[in-house]
Amino acid sequence: MAKYITKRILMSVVTLFIIIFTLFVLVRIMPGDPFPVERMTAEMIELKRIELGLDRPIPIQFADYMARLLQGDLGNGTSLYNGAPIMPIILVCMENSFKIGVMSILFGSGVGLMMGIAAALNRGKFIDRFCTICSILGVCVPSYVFMIFLQYFFAYKIPFFPYFFDPSNFFFSAIMPAVSLSLISIATVARFTRNEMLEVLDSDYVKLAKSRGLYGFKLIRKHVLRNALIPVVTVIAPLVVDLLTGAMVMEKIYGVNGLGKLMVDAIAGEGIDYNYVLALSILFSSLYIGIMLILDILYVIIDPRIRLTAKEKV
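In terms of this note's numbering, the sequence shown opens at residue 5 and continues consecutively.
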């Protein structure tokens, strides 16, 4: 198993390196200048390009960027925050996005699992139909519609929650953004949990367990849940990255100073701040690869069948 994990780690590192190189080249060959050109003359832009090393060949720029990146230096912005260092600003935004993301992950996964389990155990009944309709609505209705709905009823009509996010009252003002983000995860987790549990409930080994007199919660806990939830984890993993990195629409609507809003500002500002776009893209890619790596390792630990397959490959 150690060889399998080592192989997966090496593959993840190589994949991340290829992604960073591709992103770097794409950012460098994009047309235009990453400066507020309306407020700068051609001479000022050329001097700024020389100062930032943008006039040098791309391979040399990439080597310098990787050397700084390995030291935790993401460089400086070109148009946002008056060219301040990127890392401290990203850390502040990351804290807000991660806290709200964790809240939405816990709420969305918990509610989705309960809905999926309830629907599977009451197949064909009212609870099953209700949970199925909610799952379909959660997938089909755009998330911003649900966000506006929450704002209108629970911040305007019934002024219980603040209309916009307030860092000084983090938990209370983060409830609506977290619930808004969790809508898609509730629907997705509920749908997959229901389908996987129904498949397991119809399997031969569950029928055999029933024939031996095993029913109720003990049957569900011992033979159904563990086997049904392994595929569900695969669905949750990509959602975790999306929720942790923040949603651009959500952070704009609720005024959250997070990673999603920072990406929008970097793209839609006076000049596209390519350094922020590159740094945030690398961060998102690293999180996704890291989550999938952890998922692969957990699969080997949890599922004996995958463990056996891994041993055969190595």
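Beta carbons are placed, not taken as given, at the ideal position from N, Cα and C, and that holds for glycine. None of these values were measured; they are calculated from a predicted model.
Note down, in chain order, each residue of its chain lying with its Cβ closer than 8 angstroms to the Cβ of residue i, except the 5 sequence neighbours on either side.
i	result
Ile90	Leu78, Gly79, Asn80, Gly81, Asn279, Tyr280, Ala283
Val183	Ser108, Phe111, Leu154
Ala159	Phe165, Pro166, Tyr167, Met180
Ile152	Ile257
Arg72	Leu78, Gly79
The alpha helix (DSSP H) spanning residue i covers which residue range?
i	result
Gly120	90-125
Gln75	That residue, Gln75, is in no alpha helix (DSSP H); it is neither H nor E in DSSP.
Phe25	6-33
Across which residues does DSSP place residue i in a beta bridge pair?
i	result
Asn80	Pro89
I'd like to check one pair, residue j with residue i: are the Cβ atoms closer than 8 angstroms?
i	j	result
Leu202	Arg127	yes
Ala251	Gly259	no
Pro235	Phe196	yes
Ile301	Ile9	yes
Leu247	Leu185	yes
Phe150	Leu205	no
Glu200	Ala241	no
Ile363	Leu297	The structure shown has nothing for residue 363, since the chain only spans 5 to 318.
Val268	Ile190	no
Leu20	Ser289	yes
Ile295	Val239	no
Asp208	Leu84	no
Val253	Tyr148	yes
I need the DSSP call for residue i, collapsed to helix, strand or coil.
i	result
Ser207	coil
Ile49	helix
Asn261	coil
Pro146	coil
Pro242	helix
Lys129	coil
Gly57	coil
Asp277	coil
Tyr167	coil
Arg230	helix
Ile298	helix
Ala67	helix
Ala191	helix
Arg198	helix
Ala251	coil
Between which residues of its own chain and residue i is the CB-CB distance below 6 angstroms, once the five residues before and five after are set aside?
i	result
Gly262	Cys97, Asn100, Ser101, Gly250, Glu255
Gly120	Ala194, Thr197, Arg198
Phe66	Phe28
Gly105	Leu247, Leu248
Tyr292	Val245
Arg53	Asp59
Looking only at its own chain, which residues have a Cβ that is under 7 angstroms from the Cβ of residue i, when we skip the five neighbours before and after it?
i	result
Ile62	Val29, Arg32
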